[in-house]
Each structure stands twice: as C-alpha cells, then as structure tokens.
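Report on one structure; see the data block that follows.
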Amino acid sequence: MSELTRMQDLESRVAFQEDAIDQLSSIIARQEKEIERLTHSLIHLNNRLNELTVGEEPFVDQLPPHY
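Reading the sequence shown from the start, the letters are residues 110 to 176 in the numbering used here.
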C-alpha cells in the first residue's frame, strides 16, 4: 500500500468519524431537550396530583366504590 493510498484511507476514516460525531452530538442535544421537557411535565403532574389529594385519603387507603 503506497503512502498516498494510506493517507487517503486515513482522511476518509477521519471524515466518516467526524460525521458520526456530529450525528451523535445532534442526537444527544435532542435527547437532552426531551429529558428536560419530560422533567418539567413530571414536576407539573406531581404538583397537580398533590393539589388534588390534599386533605383526602390516599387512594390505597380508600375502599372501592362497590363496598
């Protein structure tokens, strides 16, 4: 294998690796935004649940309606 062929092969590999890194970075950024959105939703739902259950018995302690 000549030096030129080896150099071209290495340059090609580097280009593919750079592309892969860019794609992974984009995916990670999207996932980070999704995790942040889901965290906010979970906090909101938890707060809403706490508002609805203040002063009431927890569902686990309540008898089903047919009793």
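A virtual CB, placed ideally from N, CA and C, is assigned to each residue, including glycine.
| message | Could you give the first and the last residue of the continuous alpha helix (DSSP H) run that contains M110? | response | Here residue 110 refers to the residue found at position 1 of the sequence shown. Where M110 is concerned, there is no enclosing alpha helix (DSSP H), given that its DSSP letter is neither H nor E.
| Cα-Cα separation, R157 to K142 | To locate residue 157, count along the sequence shown from 1; it is residue 48. To locate residue 142, count along the sequence shown from 1; it is residue 33. Each residue's alpha carbon lies about 23 Å from the other.
| If you draw a straight line from the alpha carbon of T162 to that of T148, how long is it in whole angstroms? | Within the sequence shown, residue 162 is the residue found at index 53, counting from 1. Within the sequence shown, residue 148 is the residue found at index 39, counting from 1. The alpha-carbon atoms of T162 and T148 are separated by roughly 21 Å.
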